[in-house]
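Before any comments, here is the structure.
2 protein chains.
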Amino acid sequence: MRGMSNDDTQFDLPSESGTTETKYARKKVAAIEAAAQAFAEKGFHGATTHDIAAEMGIKQGSLYYYFKSKEQALQEVCEYGFENYVQQMEKICAKAQPFEAKMQMIITSHLTTYRQKNNAMKVHNDQRLYLPKERRQRLKELGTRYRQMLENTLQEGVQADTIRADIDTHFVAYSIIGMCNSWGAYLVRDESLDLFDTIQQCADLVLRGVLN
Amino acid sequence: MRGMSNDDTQFDLPSESGTTETKYARKKVAAIEAAAQAFAEKGFHGATTHDIAAEMGIKQGSLYYYFKSKEQALQEVCEYGFENYVQQMEKICAKAQPFEAKMQMIITSHLTTYRQKNNAMKVHNDQRLYLPKERRQRLKELGTRYRQMLENTLQEGVQADTIRADIDTHFVAYSIIGMCNSWGAYLVRDESLDLFDTIQQCADLVLRGVLN
DNA sequence: GATTTTTTCTATAGGGTTATAGATTATTTT
DNA sequence: AAAATAATCTATAACCCTATAGAAAAAATC
Numbered sequence: 007m008r009g010m011s012n013d014d015t016q017f018d019l020p021s022e023s024g025t026t027e028t029k030y031a032r033k034k035v036a037a038i039e040a041a042a043q044a045f046a047e048k049g050f051h052g053a054t055t056h057d058i059a060a061e062m063g064i065k066q067g068s069l070y071y072y073f074k075s076k077e078q079a080l081q082e083v084c085e086y087g088f089e090n091y092v093q094q095m096e097k098i099c100a101k102a103q104p105f106e107a108k109m110q111m112i113i114t115s116h117l118t119t120y121r122q123k124n125n126a127m128k129v130h131n132d133q134r135l136y137l138p139k140e141r142r143q144r145l146k147e148l149g150t151r152y153r154q155m156l157e158n159t160l161q162e163g164v165q166a167d168t169i170r171a172d173i174d175t176h177f178v179a180y181s182i183i184g185m186c187n188s189w190g191a192y193l194v195r196d197e198s199l200d201l202f203d204t205i206q207q208c209a210d211l212v213l214r215g216v217l218n
Numbered sequence: 007m008r009g010m011s012n013d014d015t016q017f018d019l020p021s022e023s024g025t026t027e028t029k030y031a032r033k034k035v036a037a038i039e040a041a042a043q044a045f046a047e048k049g050f051h052g053a054t055t056h057d058i059a060a061e062m063g064i065k066q067g068s069l070y071y072y073f074k075s076k077e078q079a080l081q082e083v084c085e086y087g088f089e090n091y092v093q094q095m096e097k098i099c100a101k102a103q104p105f106e107a108k109m110q111m112i113i114t115s116h117l118t119t120y121r122q123k124n125n126a127m128k129v130h131n132d133q134r135l136y137l138p139k140e141r142r143q144r145l146k147e148l149g150t151r152y153r154q155m156l157e158n159t160l161q162e163g164v165q166a167d168t169i170r171a172d173i174d175t176h177f178v179a180y181s182i183i184g185m186c187n188s189w190g191a192y193l194v195r196d197e198s199l200d201l202f203d204t205i206q207q208c209a210d211l212v213l214r215g216v217l218n
């Protein structure tokens, strides 16, 4: 038996052999991605453990070698989808850049993530509330961290006199996230939508609004 | 037996007696609202026919007097939630009003609907894709009509020289809808959020953006 | 190549779910 | 109040689903 850390996400310490990753770790990622695919398509309750296993080419029962329960699978998918997204935000915010450039990068990062890890991100957004609160802890922390970075960026914009002093940064942060999420969902559903164009339009709308 | 029109939504012709509505029609609405509540809370697949029936105070089997299937219940909830919302939009767009006033009204209508019929609207937004395409026909039509009215309004704004001529009305329409939906979801989740304030902020952001 | 460890499989217990049928109780009509 | 219609109930068939246990196959180690 393997990975019986009993508590949680056990990406075994890098082993000695060639690729630094265990066979297990690699297959575990595949499991997470299979679950992401299934949950994204049918929703958490609509997808079955059989669907996930089939996606991986193994049998339903074997899936439990990788997840202790279906619920844990959902949790891991959500964290997987959200984690490096928040990390990217961290990198963006660390750099010293003028406000407009930063905003552009933030939106780019957000929408690009959707195009890449589309399934896991979608699952995080649409299905995470089906997790019991205990299991959402980490996600909540990540979300808060993300939003705070966004608010800080806006504050910097105010300080630099680039953006209006009378905006409610808290509110605007939520709005940007909401708009990007909704565009993200479109990007996932409609492959033909141009990513770069969408980014431009979003940034333009947020920055300048529609008025003349 | 009643309402065996076999095809669909049968809100019987107004009867003669007092209230113009049959007992059936009244209870059917209650059924739709119960389903909306259940689906909103647990999702389409997560909620059971038992949940819905319990909400109405009847037994699981009795529910099938009102819906031919769980899927049809979802369809009716979605249509119920979306229909009068689109109607309201129609009224707003019919009136001759300056662009900014109209935009304000549109956002008000959108967010107010959420606060009122929160469950059905939420279900429409989050769960409608679990319906097979055939059952989404009407919803799609309604959605298109809505978006078109919004785009028209934006076009009028361009014509009146109130808003920038270089905006992509199609894109902006989607963005507004996306942002409002995401705020709508917050309004449903957090009762303490001030409706009027949210409306103001949304309108302000869309109209003016954040830049100085 | 024998032994140990990892991975997958089969089978199943113990649930839960939808939808239907036919009986039963309420409510209207005549 | 008898007859007809509407609304609800009980019971159940026919599924589907998760999670576990123990056997079996594959891979790695000695």
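Taken in order, these protein sequences are the chains called A and B.
For the first sequence, the working numbering assigns the number 7 to the initial residue and increments by one for each residue that follows.
For the second sequence, the working numbering assigns the number 7 to the initial residue and increments by one for each residue that follows.
We put the beta carbon where it would ideally sit given N, CA and C, even for glycine.
Taking 6 Å as the limit between beta carbons, can you name the residues of its chain near residue i, skipping five residues before and five after?
i	result
residue 171(B)	164
residue 34(A)	72
residue 86(A)	38, 126
residue 153(B)	179
residue 141(A)	81
residue 111(A)	98
Leaving out the 5 sequence neighbours to the left and right, which residues in its chain are closer than 8 Å to residue i when beta-carbon positions are compared?
i	result
residue 158(A)	99
residue 175(A)	157, 160, 161, 164
By how many angstroms is the C-alpha of residue j removed from the C-alpha of residue i?
i	j	result
residue 45(B)	residue 64(B)	17 Å
residue 217(B)	residue 177(A)	15 Å
residue 73(B)	residue 127(B)	19 Å
residue 191(A)	residue 215(B)	23 Å
residue 195(B)	residue 124(B)	10 Å
residue 4(A)	residue 113(A)	In the structure as shown, chain A starts at 7 and stops at 218, and residue 4(A) therefore has no counterpart that could be examined.
residue 105(A)	residue 168(A)	7 Å
residue 59(A)	residue 77(A)	15 Å
residue 185(A)	residue 115(A)	14 Å
residue 149(B)	residue 81(B)	14 Å
residue 29(A)	residue 103(A)	41 Å
residue 197(A)	residue 51(B)	27 Å
residue 61(B)	residue 83(B)	15 Å
residue 109(A)	residue 209(A)	7 Å
residue 155(A)	residue 88(A)	15 Å
residue 49(A)	residue 130(A)	11 Å
residue 134(A)	residue 53(A)	14 Å
residue 70(B)	residue 136(B)	20 Å
residue 206(A)	residue 173(B)	11 Å
residue 101(A)	residue 139(B)	46 Å
residue 211(B)	residue 75(A)	43 Å
residue 146(B)	residue 213(A)	31 Å
residue 132(B)	residue 47(B)	11 Å
residue 119(B)	residue 187(B)	11 Å
residue 43(A)	residue 166(A)	43 Å
Per DSSP, which residues does residue i bridge with? Please list them.
i	result
residue 169(A)	217(B)
Here's the rule: buried if 16 or more other CB atoms are within 10 angstroms of the residue's CB, otherwise exposed. What is residue i?
i	result
residue 67(B)	exposed
residue 90(B)	exposed
residue 96(A)	exposed
residue 181(B)	buried
residue 32(B)	exposed
residue 37(B)	buried
residue 143(A)	exposed
residue 13(A)	In this prediction, residue 13(A) has a pLDDT of 40, which is less than 50 and means its spatial position is unreliable; what the coordinates show is noted afterwards. Label assigned to residue 13(A): exposed.
If the cut is a Cβ gap below 9 Å, which residues of chain B does residue i touch?
i	result
residue 208(A)	177, 181
residue 184(A)	184, 185, 186, 187, 188, 189, 191, 192
Identify, in the order they occur along the chain, each residue of the same chain with its Cβ nearer than 7 Å to the Cβ of residue i, setting aside the five sequence neighbours on each side.
i	result
residue 204(A)	117, 189, 193
residue 41(A)	58, 79, 83
residue 121(B)	193, 201
residue 199(A)	192, 193
residue 56(A)	66
residue 92(A)	148, 151, 152
List, in chain order, every chain A residue whose beta-carbon is nearer than 7 Å to that of residue i.
i	result
residue 214(B)	215, 217
residue 199(B)	Neighbours of residue 199(B) on chain A: none; closest Cβ ~10 Å, over 7 Å.
residue 156(B)	The contacting residues do not exist; residue 156(B) stays about 12 Å from chain A at best.
Find the residues of chain A that neighbour residue i, judging by a C-beta separation of less than 9 Å, and give them in chain order.
i	result
residue 51(B)	48, 49, 50, 51, 52, 53
residue 136(B)	48, 49, 52
residue 167(B)	218
Give the interface partners of residue i over in chain A, defined as CB-CB distance under 8 Å, in chain order.
i	result
residue 170(B)	214, 216, 217, 218
residue 80(B)	The contacting residues do not exist; residue 80(B) stays about 12 Å from chain A at best.
residue 145(B)	Ordered by position in chain A, no residue passes the 8 Å Cβ test against residue 145(B), which lies about 15 Å from the chain.
residue 69(B)	Under the 8 Å cutoff, chain A gives no residues; its nearest Cβ is about 19 Å from residue 69(B).
Strictly below 8 Å CB to CB, what residues from chain B border residue i?
i	result
residue 117(A)	None at all; the shortest Cβ gap to chain B is about 12 Å.
residue 132(A)	132
residue 174(A)	207
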